[in-house]
Each structure stands twice: as structure tokens, then as C-alpha cells.
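Please read the structure below before turning to the comments.
Protein chains: 2
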Amino acid sequence: MIKGVLLDLSGTVYLDDELLPGAVVAIERLHARHIPLRYLTNTSRRSRRTMVKKLRSMGLSIAEEDVFTAPRAVRDYLLEHQFTPWLLVHPEVEEEFADLVGEEPDAVVLGDAANAFSYANLNAAFRLLLDGARLLAVGDNRYFRERDGMSLDAGPFVAALEYATGCQAIILGKPSPAFFHAATSELGCRPQEILMIGDDVLSDVNGALKAGMKATLVRTGKYRLGDEQQICAPGACVCADLLEAVEGLV
Amino acid sequence: MIKGVLLDLSGTVYLDDELLPGAVVAIERLHARHIPLRYLTNTSRRSRRTMVKKLRSMGLSIAEEDVFTAPRAVRDYLLEHQFTPWLLVHPEVEEEFADLVGEEPDAVVLGDAANAFSYANLNAAFRLLLDGARLLAVGDNRYFRERDGMSLDAGPFVAALEYATGCQAIILGKPSPAFFHAATSELGCRPQEILMIGDDVLSDVNGALKAGMKATLVRTGKYRLGDEQQICAPGACVCADLLEAVEGLV
């Protein structure tokens, strides 16, 4: 019995600048049945504020506090452990960390920096890591779908810096169980009563399964034929899109 | 009994724009004792032609045909397998492949591209690999020493693209046994009669050991305290520099 739902955003609810077909209907149906939901995203090319603003402009009714973003999880971790960050993030996400940066950084924060993934920036991050800084990353996602094709996400750059230094990154967004559980605790449900719906088999589906939840892989966004073969445990199903995933519930 | 020597270049014979102390004396001593030698380098920020020109300007007596470069090994592989390359290499190395590029690339050639490792270029490489192109790399070196500190080499970018795509790169420079053996065959010796001298414990030392050779790690260039603990097999020793490594021989 599913009592709460976690939704991925990019590739599941929207793609580029448009909501995916059926997304609004699916979400309205969850609201109508009083099934609480939260959004859980590793997207890090926008701050939470501008992301919610953009989703509203597309026609989605969404509250900022319902959105759990990986950059926010990184921010919480920095505060909890009193790290001073050095940012390798998209310029639009810098505002999330503006009050935390300082002269003597001891943590490299890696998001989906897009064009800010220059050789000079990667090398600067590498040298900080060699000097003992920790590597904190929004996620280990491999890629995501954009209008003109698949694009590299943060994960490959995490892999590059881990390989170069021999260090291991701390992943704070999906598939970190702590990230899933932070959202779950707000829903007032136990993990096994939660369904996570997303288009990334590793980050969304396997992450949720490892956090003790149910999961549905949607064949939208970055989905590629055969992705379902990478599902790591029982308890997951595969649907055409978000609407089909929700129809099974309500 | 050592009958032939293979020398790494960057960090072993020279650093930035200068020969390392004792390098000329060490090499002259090998010549005086008629111990044949070849140079084996994964450096891919220059063509072989300009690299040899630069080494001569520093004062090293060196013949172009004595230098085995990883880009040349990639070129040989492309020709042998009739691949059309798409280049993710340093602009100065493009001349090595100028006659091979074409409209429908089916191999991504990855060198130490330095500032050409932009997000746009990495993404273009990624999309070609998703479409089935092979990934050919000069090496899997993690980093090398520059005047102002350590800098990322090609290896981390190989790791990034392997992680993103799930494919495995074909490494054509060190530590590929084929690369060591190509140089060895010119020396007219058996692998166990060859000594490889270099500053990279994984690429130079472990690569040579796995190719059946002896190896010496020099504590110059990228060497960091503790690197010797990564030596993978017996048959290697550690020396302060190239001169000390050669003094043990002659």
C-alpha cells in the first residue's frame, strides 16, 4: 500500500522547457486522492527558487518547500560539518552557497557545472583535493536528456576527480539514502510505503530500492531501451510515463 | 643483465622547459657504454616533431625515430583498424592525425587535450560514443607535474567517458604491453633484458613490470611520497633521479 510519492523532475515531469504529456493530470490525481508527494531532484543548473519559478511558468502548481534539491542537501552538509566550499557548479546555483564561500576552502562542491567544467576549473578542484579537501557532489548521474540529445551530468566529472586523486566523493543527492529519507520523513510514512518515480534507473530506481522504498522507472527523459535490465532488486516496475505510473496507484 | 633501456621523458628527463639535473650525463653514459635506448612517452600536448625539436633546444641529443609517442601508437591503431577519428586532443597534436579525419568518425581519439577539454567537446565525444564509436586513448595517466603544480592528464577524462557510457577505452600508450613491446623490438632484446625508467608508478613502472621488464621509479617529476607502495610486483627499484638509476647499470 503506497501512502506517499516521491517524484523526480527532469525527464519525469518536464523536459527542457515543457511539461511532459500527462504530467499535470497525474499530479492532480495524486492531490485529489490526498496522496502526499515531494519532488526529489539532482538537477543543479538552477537554484531551487528559479527552478520552481520555471515549473510554475510551465503550468505546474508546486510549492518551493515541496522540492528537495541536491544542492540544498550539499548546503545542509556543509553547514553541519562546518566546511568552507570551493564551487565547481553552474553559475545559476552559486546563490545557494553565496554565504558559505571563504578564503580557505576545505571542500570542493561539484554540481552539474555545464560549461563551467573547464580544464582550468577541474584542475583547480583537483589541486584542492590533492591538498586534502573533501569532494562533495550533488549526485553521480551519468547523463540526462536535453532537446538535442543526451548530455553529461555531474557523475562523469566526479569519476574523473576520484580517478585522478584516489579519493571517494560524498554523494549528497540521489542515490544517497539520506537524501531519500530526508524527503520521506516529511511525508510521515515509512520507506516501504513510499513510491519513487523517475527516469534514471540507477539514481532514482536503484537509489529508492536501496533506501527501502518501492520504485517505478518511466520510459521518458533519459530512458534508453534496456535500462530496466539494470534494476538491482525486486520491488520496481516500469511504466510508459508518469501518468501510467500514477494510474496504477489511484 | 640489462641490455636495453626505455626512458620516460616528462618528469624523468625534463620538466617544463628544462632538462632535469644529471639527465644529459646519464644519457651520455648509456651511449658511451653502447646500451641502446628508446624514449617512451604518453605526453600528447605536442607532436613528436615539435617535442624532439624542443628537447634538442634544451640541449639533449635525440633522434626523432628513437621517440615512441602515444599519439603515434594511436595513429598506427587507427590505420590498422581503418577507423576514422574524431579528435579530442591538444591543438598541437592534431597534425599527427590530419590526414585521417573524415565526415563519419567511428573512433574518439582522446589525448591530453588541456584547455580543449571543454564541456562542449566532452559532450560531443560522449554522444559519438553513445552512437557506437570506439574510445581510443593515449594513456590512463592520472596527472603530471607542471611548474606551478600537478595537472590533470588524459586518464581522468578517459574515466569520465567510460563512466558516462559504460564502454571501456582502448589504451594505446603506456601501460599497454603492446606499446612497450613495440619499442623493445627495436632494441633487439627480450623484455626481461630491458629496464624502463620513469616517474609514474602505474604507467611506467607497473606497465613495464606487466610487460615482463625491469623497472625503476625515479623520485622526480610527479613522484609523491608513498608512490613506491603502489608497485605491483617484484623487479622494480626506486632511485633519486635518472642519473642514480643509470649509475646502477654501468
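Those protein sequences? They're chains A and B, same order as listed.
This note's numbering numbers the first residue of the first sequence as 873 and each following residue consecutively.
This note's numbering numbers the first residue of the second sequence as 873 and each following residue consecutively.
Idealized CB from N, CA, C, for every residue including glycine.
* Exposure label - B/Cys1061; buried when at least 16 CB within 10 Å -> buried
* To do: From the DSSP output, read off the bridge partner residues of B/Gly983.
  => Looking at the DSSP assignment, B/Gly983 forms no beta bridge with any residue, so it has no partner.
* Asked: In chain A, which residues lie with their C-beta within 7 Å of the C-beta of B/Leu994?
  -> Leu1024
* Asked: Is it right to say A/Met873 is buried, meaning 16 or more other beta carbons lie within 10 angstroms of its own, or is it exposed?
  -> exposed
* Report yes if the C-beta distance between B/Val1010 and B/Val946 is below 8 Å; otherwise report no. => yes
* **DSSP-derived helix/strand/coil call for A/Val885** => coil
* Cα-Cα separation between B/Glu1065 and B/Lys875, rounded to whole angstroms -> 5 Å
* Asked: Does the beta carbon of A/Pro1028 come closer than 8 Å to any beta carbon on chain B?
  -> yes
* Asked: Would you say A/Ser990 reaches chain B, if we count a Cβ-Cβ gap shorter than 8 Å as a contact?
  -> yes
* Asked: So, is the C-beta of A/Ala986 closer than 8 Å to a C-beta in chain B?
  -> yes
* Asked: Roughly how many angstroms lie between the CA atoms of A/Leu1000 and A/Cys1104, to the nearest whole one?
  -> 35 Å
* **Rounded straight-line distance, which links the Cα of B/Ala986 to that of B/Leu927** => 21 Å
* For B/Leu1089, return the contacting residues in chain A, with the cut-off set at a CB-CB distance below 9 Å. => Chain A residues near B/Leu1089: none, gap ~17 Å exceeds 9 Å.
* Asked: At a cut of 8 Å, does the stretch 897-904 of chain A reach the stretch 1107-1117 of chain A through at least three beta carbon pairs?
  -> yes
* Between the CA atoms of A/Ser1075 and B/Asn914 - distance to the nearest angstrom -> 36 Å
* Locate the alpha helix (DSSP H) running through A/Tyr1095, then write down its first and last residues. => A/Tyr1095 -> no alpha helix (DSSP H), and no H or E assigned at all.
* Taking all protein chains shown into account, decide if A/Glu968 is buried (16 or more other Cβ within 10 angstroms of its Cβ) or exposed. => buried
* DSSP beta-bridge partners of A/Ala1009 -> A/Leu982 and A/Ile1043
* Asked: Counting only beta-carbon atoms, is A/Ala1036 nearer than 8 Å to chain B?
  -> yes
* To do: Note down, in chain order, all residues in the stretch 999-1025 of chain A with a beta-carbon under 7 Å from any beta-carbon belonging to chain B.
  => Arg999, Leu1002, Arg1014, Tyr1015, Gly1021, Met1022, Ser1023 and Leu1024
* Around the C-beta of A/Lys1046, are 16 or more other C-beta atoms found within 10 angstroms, so that it is buried, or is it exposed? -> buried
* Measure the alpha-carbon distance for A/Tyr1095 versus A/Gly1070 and round it to whole angstroms. => 9 Å
* Asked: Taking A/Val961 as the reference, which of A/Met1068, A/Ala1026 and A/Gln1101 has the closest Cα?
  -> A/Ala1026
* If you draw a straight line from the C-alpha of A/Ala1087 to the C-alpha of A/Phe1016, how long is it? -> 19 Å
* To do: May I ask you to report which of helix, strand or coil DSSP gives B/Ala1087?
  => strand
* Measure the alpha-carbon distance for B/Leu1007 versus B/Tyr1035 and round it to whole angstroms. => 12 Å
* To do: Report, in whole angstroms, the separation of the C-beta atoms of A/Pro957 and A/Gly983, which I expect to be a contact under 8 Å.
  => Actually they are not in contact, since the Cβ atoms of A/Pro957 and A/Gly983 sit about 11 Å apart, beyond 8 Å.
* With DSSP run on the structure shown, which of helix, strand or coil describes B/Ala997? -> helix
* For B/Gly974, does the count of other Cβ atoms within 10 angstroms reach 16, so buried, or fall short, so exposed? -> exposed
* Unbroken beta strand (DSSP E) run spanning B/Phe940, endpoints -> Val939 to Thr941
* **Span of the alpha helix (DSSP H) around B/Val924** => Arg920 to Met930
* Asked: When DSSP labels each residue in this structure, what does B/Thr913 get in the three-state scheme?
  -> strand
* Using a Cβ-Cβ distance under 8 Å, would A/Leu1033 count as near chain B? -> yes
* To do: Taking 8 Å as the cut-off, decide whether the C-beta atoms of A/Leu879 and A/Tyr911 are in contact.
  => yes
* **Beta-carbon contacts of B/Ala935 that lie in its chain and below 8 Å, excluding the five residues immediately before and after** => Val924
* **Opening and closing residue of the beta strand (DSSP E) in which A/Gly1070 lies** => Ile1066 to Gly1070
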